[in-house]
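Read the structure below first, then the notes.
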Amino acid sequence: MRRRGLFAFLGMLLLAAGILAWLVSPGSGVPVLTYHHIGDGPEWFNTSAAEFEKQLVFLRDQGYTTVSVMELAAGLSGAAQLPSRPVVITFDDGYEDNYTAAFPILVRQQMRGTFFVVTGKIGQMGYMNWEQARKMSEGGMELGSHTVNHYTLNEINLKELERELLSSRLMLENNLPASAPIFANPFGETAPAVVNLLGRTGYSAACSSVVGVNHPGENLYMIRRLSVPRSRFGLWDLRARLWWLQLADRLGV
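With this note's numbering applied, the sequence shown covers 930 to 1182.
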């Protein structure tokens, strides 16, 4: 009787260990992380330079390899092979600290980043200029469009929407020949009108602010992302967010 109870206990222990291993193991979906500022400001979208570098080291230690949005799109569409644990690092808006702080850290850690710039703000106070953007492109970073004026896209008419999409892409191509035909929606707008126009205005892929990971065969104009806000608990914030992201994907929530 005691032996039977021991076997039952060991069986439950093994089952619990298996469930725990399943919960903490990496999923198959590709995470795309979103940053804005690299600096010490009090706003939620500021990540300090020291914290950002720690996060990159953590990702590498976890076996992640950074890829660009275009590389991700090629992998998801079946046109190319992705590394075993890919991750995409994205920045929205094109702030100057993306060049002065994020860029050198990415280079030092031998990792890639994708920067979505508001082309109408390039050169304005607080934003990178074209020369800085060019150096980033030459340094292996990927640059894409975040519109011309950063409007809320579902509040403008179709003609203006098309102009925002097309003009920003052409401005990038004219100033940065190596720029990518990729887009990030301001404020995460994913209205059908926006998605429908992306292909017609020459884009190959687009990032949204819909939270989740990405799988082969999904809509390349609706790439899911995870925002990385200013950390209050060090690396535990990012670790928990990535774990929750993969768990939610496994559970289908």
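For each residue, glycine too, the CB sits at the ideal point set by N, CA and C. Since the model is a prediction, treat every value here as computed from it, not as a measurement.
message: Can you give me the C-alpha to C-alpha distance between M1070 and R1037, rounded to a whole angstrom?
response: 13 Å
query: My guess is that A1113 and M999 are in contact by the Cβ rule of under 8 Å, so how many angstroms apart are they, rounded?
result: Not quite, the Cβ-Cβ distance comes to about 13 Å (not below 8 Å), so this is no contact.
- prompt: Does DSSP put L1155 in a helix, a strand or coil?
  reply: strand
message: Extract the residue ranges of the alpha helix (DSSP H) inside the segment 1003–1075, only unbroken runs of 4 or more that lie entirely within it.
response: Listed in chain order, they are 1032–1037, 1059–1067.
task: Examine the Cβ distances between the segment 1165–1176 and the segment 1143–1150 and report whether three or more of them are shorter than 8 Å.
output: no
- prompt: Just reading off the beta strand (DSSP E) that F1116 is part of, what are its end residues?
  reply: Unbroken run through F1116: none, as it is neither H nor E.
message: Quick check on the DSSP output: the alpha helix (DSSP H) that includes A1169 runs from which residue to which?
response: 1164–1180
Coil, strand or helix - W951 by DSSP: In this predicted model, W951 has a pLDDT of only 36, less than 50, meaning its place in the structure is not dependable enough to derive any value.
message: Taking the straight line between their C-alpha atoms, what separation do you get for P1121 and L1087?
response: 11 Å
For Y964: DSSP bridge partner residues: F1020
task: Taking V1139 and L1174 to be in contact with their CB atoms under 8 Å, please state how far apart those CB atoms are, rounded to whole angstroms.
output: Their Cβ separation, rounded to whole angstroms, is 12 Å, which puts V1139 and L1174 out of contact at 8 Å.
message: Just to confirm my understanding: we take A1030, look at its own chain, exclude 5 residues before and 5 after, and list those with CB closer than 8 Å. What are they?
response: I967, G968, A978, F981
- prompt: Under a three-way DSSP split, which group does S1137 fall into?
  reply: In the structure shown, S1137 sits in a strand (DSSP, three-state: E or B).
- request: With DSSP collapsed to three states, give me the class of V986.
  value: Note: V986 maps to helix in three-state DSSP.
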